[in-house]
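**Student:** With the first letter of the sequence shown counted as 1, position 175 gets the number 189 in the working numbering; the numbers rise by one all the way through. Virtual Cβ for every residue (Gly too), placed ideally from N, Cα, C. I'd like to ask some things about the structure below.
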Amino acid sequence: MTVQLKNGFLKQHVDNTVFTNQPVKLLVVNLMPNKLETERQFVHLFSHLSMDVEVTFLRMATHHSKHTPEAKLQQFYAVLADIYDRHFDGMVVTGAPVEELQYKQVDYWNEFKTLLNWRHDHVRESIFECWAAQAGIYADFGINKRIISQKLFGVYRCRIDQQTELTAGFDQLSMPQSRHTTLGHINDPQLDVLASDPEAGPVVLASKQTHSTYLSGHPEYETNTLFNEFNRDREKGLPIQLPKNYFSASKPTNTWQNDSIRLYDNWVHSLLRVRV
15 MTVQLKNGFL KQHVDNTVFT NQPVKLLVVN LMPNKLETER QFVHLFSHLS
65 MDVEVTFLRM ATHHSKHTPE AKLQQFYAVL ADIYDRHFDG MVVTGAPVEE
115 LQYKQVDYWN EFKTLLNWRH DHVRESIFEC WAAQAGIYAD FGINKRIISQ
165 KLFGVYRCRI DQQTELTAGF DQLSMPQSRH TTLGHINDPQ LDVLASDPEA
215 GPVVLASKQT HSTYLSGHPE YETNTLFNEF NRDREKGLPI QLPKNYFSAS
265 KPTNTWQNDS IRLYDNWVHS LLRVRV
């Protein structure tokens with residue numbers, strides 16, 4: 015279907031579409047360094063949904079980017095103060111390359127917690143990915159992450175632990191993982207594990223109390239993203255293994271896209287039911 019961008023670096027490269035129906039209004043909080051690449055990944059994913067969506071991109075005002083000039087960020091991105099009085103059907107918070115830091119060491123940690131408090135009155139449902147998922151679970155439930163000895167890296171096909179509106183239509187769920195930390199056993203009655211893997215741990219978690227879904231991986235990744243990350247880490251001299259369950263005939267193979275589309279499609283349809 016159609017994706018309309020309210021702002022962001024990608025907006026200048028796409029048509030400004032007029033919808034025939036009321037779109038699902040999404041706020042995407044982009045915490046990744048390469049803003050344009052992450053925008054492209056999510057817009058590509060959203061373009062395959064069965065509902066029209068309108069996307070507003072948000073950044074952390076208290077973070078000073080090393081990769082993008084501040085003037086450009088001010089031009090193309092909103093901050094929380096800009097949209098404070100607005101309401102959204104859904105919010106997506108991306109991962110961030112800060113997972114090995116303690117949460118209080120992240121320069122925008124206080125702003126992140128403010129965003130989480132703001133969502134309760136301004137967002138119907140939220141999705142947190144990778145670092146944001148672990149950070150959201152820590153802020154919402156006090157469950158801390160732990161560093162693992164070897165980077166969890168590859169594509170993991172997870173079992174479905176609970177059949178819900180979000181996991182409808184799944185027998186298993188594939189999702190790329192790229193992280194140095196994980197969550198242990200979840201034992202909180204307000205937090206449900208919907209999908210998991212013996213090695214990757216809890217992959218899809220949800221809470222009715224916080225109206226939030228927490229994804230430990232990156233369903234938005236493009237076919238070559240893991241391969242690019244492998245080459246990046248290797249060039250930096252970092253310890254890195256080939257991503258698991260990723261190559262077929264020595265080529266990167268995208269085995270997760272259909273699952274990512276279904277997962278997000280289930281989610282946006284649930285937003286419409288909440289809207290009624």
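#1: Can you tell me whether Lys258 is helix, strand or coil according to DSSP?
#2: Could you give the residue range of the alpha helix (DSSP H) that holds Phe60?
#3: Among Met15, Gln116 and His78, which one has its Cα closest to the Cα of Arg11?
#4: Going by other Cβ atoms of all chains shown within 10 Å of its Cβ, with 16 needed for buried, is His27 buried or exposed?
#5: Go ahead and label Lys49 buried or exposed: buried means 16 or more other beta carbons lie within 10 angstroms of its beta carbon, across all protein chains shown.
#6: Are His232 and Pro266 closer than 8 Å when you measure CB to CB?
#7: Considering only the alpha carbon of each residue, which of Gly109, Ala153, Arg171 and Asn158 lies closest to Cys144?
#8: Looking at C-beta atoms only, is the number of pairs between the stretch 214-232 and the stretch 124-140 that lie closer than 8 Å three or more?
#9: What is the rounded straight-line gap between the Cα of Leu19 and the Cα of Arg193?
#10: How long is the line joining the alpha carbons of Gln36 and Ser284, rounded to whole angstroms?
#11: Mind checking Asp103: buried by the 16 CB within 10 Å criterion, or exposed?
#12: Only counting runs of 3 or more residues, tell me where the beta strand (DSSP E) segments fall wholly within the stretch 45-125, in order along the chain.
#13: Taking the alpha carbon of Val169 as the reference point, which residue from Leu256, Glu53, His62 and Glu68 has its own alpha carbon closest?
#14: Specify, as a first and last residue, the run of the beta strand (DSSP E) that Leu41 falls within.
#15: On the premise that Val106 lies in contact with Val67, defined as a C-beta separation below 8 Å, what is that separation, rounded to the nearest angstrom?
#16: Is there contact here, the stretch 166-181 with the stretch 111-131, by at least three beta-carbon pairs under 8 Å?
#17: Along the chain, where does the alpha helix (DSSP H) that runs through Glu139 open and close?
#18: Going straight from the alpha carbon of His58 to that of Asn272, what length do you get?
#19: With a cut-off of 8 Å on the beta carbons, I'd call His77 and Asp121 a contact; round off their distance for me.
#20: Suppose you measure from the CA of Met46 to the CA of Leu40; what does that come to, to the nearest Å?
#21: Does the Cβ of Gly156 have 16 or more other Cβ atoms within 10 Å, making it buried, or fewer, making it exposed?
#22: Relative to the C-alpha of Ala153, which candidate in Glu236, Glu84, Asn124 and Leu166 has its C-alpha closest?
#23: May I have the straight-line CA-CA distance separating Phe244 from Tyr278, to the nearest angstrom?
#24: Could you tell me the alpha carbon to alpha carbon distance between Lys258 and Pro111, rounded to whole angstroms?
#25: Can you say whether Ser230 is buried or exposed, counting buried as having 16 or more other CB atoms within 10 angstroms of its CB?
#26: Here's a check: name, in chain order, each residue in its chain whose Cβ is nearer than 6 Å to the Cβ of Arg171, leaving out the five neighbours to either side.
#27: Which of the three DSSP states, helix, strand or coil, is assigned to Thr267?
**Tutor:** Looking at the coordinates:
#1: Start at 1 with the first residue of the sequence shown, and residue 258 comes out as number 244. The answer is strand: DSSP assigns Lys258 an E or B state.
#2: Sequence index remark: in the sequence shown, residue 60 carries index 46 (1-based). Unbroken alpha helix (DSSP H) run through Phe60: Lys49 to Phe60.
#3: What the structure shows of the chain is the stretch from 15 to 290, and residue 11 is not part of that stretch, so it cannot be assessed.
#4: For the purposes of this step, residue 27 is identified with residue 13 of the sequence shown, where counting begins at 1. Burial call: exposed.
#5: In the sequence shown, the residue the question calls residue 49 occupies position 35. Classification for Lys49: buried.
#6: Locating residue 232 in the sequence shown gives position 218, counting from the first residue. Locating residue 266 in the sequence shown gives position 252, counting from the first residue. Not in contact: His232 and Pro266 (Cβ atoms no closer than 8 Å).
#7: The residue you call residue 144 lines up with position 130 of the sequence shown. Among Gly109, Ala153, Arg171 and Asn158, the Cα nearest to that of Cys144 is on Gly109.
#8: yes
#9: Within the sequence shown, numbered from 1, the residue matching residue 19 stands at position 5. Within the sequence shown, numbered from 1, the residue matching residue 193 stands at position 179. Approximately 29 Å between the Cα atoms of the pair.
#10: For the purposes of this step, residue 36 is taken as residue 22 along the sequence shown, with counting starting at 1. For the purposes of this step, residue 284 is taken as residue 270 along the sequence shown, with counting starting at 1. Rounded to whole angstroms, Gln36 to Ser284 spans 15 Å at the Cα level.
#11: Looking up residue 103 in the sequence shown gives position 89. With 16 or more Cβ atoms within 10 Å of its Cβ, Asp103 is classed as buried.
#12: 67-72 and 102-107
#13: As a working note, residue 169 is residue 155 in the sequence shown. Residue Leu256 is the option with its Cα nearest to Val169.
#14: Within the sequence shown, residue 41 is the residue found at index 27, counting from 1. Leu41 -> beta strand (DSSP E) spans Val38 to Val43.
#15: Position 53 of the sequence shown holds residue 67. Position 92 of the sequence shown holds residue 106. Not really, about 10 Å apart at Cβ, beyond 8 Å.
#16: no
#17: For the purposes of this step, residue 139 is taken as residue 125 along the sequence shown, with counting starting at 1. First-last for Glu139: Val137 to Glu143, but that is the beta strand (DSSP E), not the alpha helix (DSSP H).
#18: What you label residue 58 is simply residue 44 of the sequence shown in a count that begins at 1. What you label residue 272 is simply residue 258 of the sequence shown in a count that begins at 1. When rounded, the distance between both Cα atoms is 12 Å.
#19: Within the sequence shown, numbered from 1, the residue matching residue 77 stands at position 63. Within the sequence shown, numbered from 1, the residue matching residue 121 stands at position 107. Between Asp121 and His77 the Cβ distance is about 6 Å, and since that is below 8 Å, they are a contact.
#20: The residue you call residue 46 lines up with position 32 of the sequence shown. The residue you call residue 40 lines up with position 26 of the sequence shown. Distance between the alpha carbons of Met46 and Leu40 is about 17 Å.
#21: Within the sequence shown, residue 156 is the residue found at index 142, counting from 1. Exposed, because fewer than 16 other Cβ atoms sit within 10 Å of the Cβ of Gly156.
#22: One-based indexing of the sequence shown puts residue 153 at position 139. Among Glu236, Glu84, Asn124 and Leu166, the Cα nearest to that of Ala153 belongs to Asn124.
#23: The residue you call residue 244 lines up with position 230 of the sequence shown. The residue you call residue 278 lines up with position 264 of the sequence shown. Their Cα atoms are separated by approximately 26 Å.
#24: Reading the sequence shown from its first residue, position 244 is the one you call residue 258. Reading the sequence shown from its first residue, position 97 is the one you call residue 111. Going from the Cα of Lys258 to the Cα of Pro111 covers about 20 Å.
#25: Here residue 230 refers to the residue found at position 216 when the sequence shown is read from its first residue. Flag for Ser230 reads buried.
#26: As a first step, residue 171 is located in the sequence shown; it is residue number 157 there, counting from the start. Excluding sequence neighbours, Arg171 sits near Gln186 and Ser188.
#27: In the sequence shown, the residue the question calls residue 267 occupies position 253. Note: Thr267 maps to coil in three-state DSSP.
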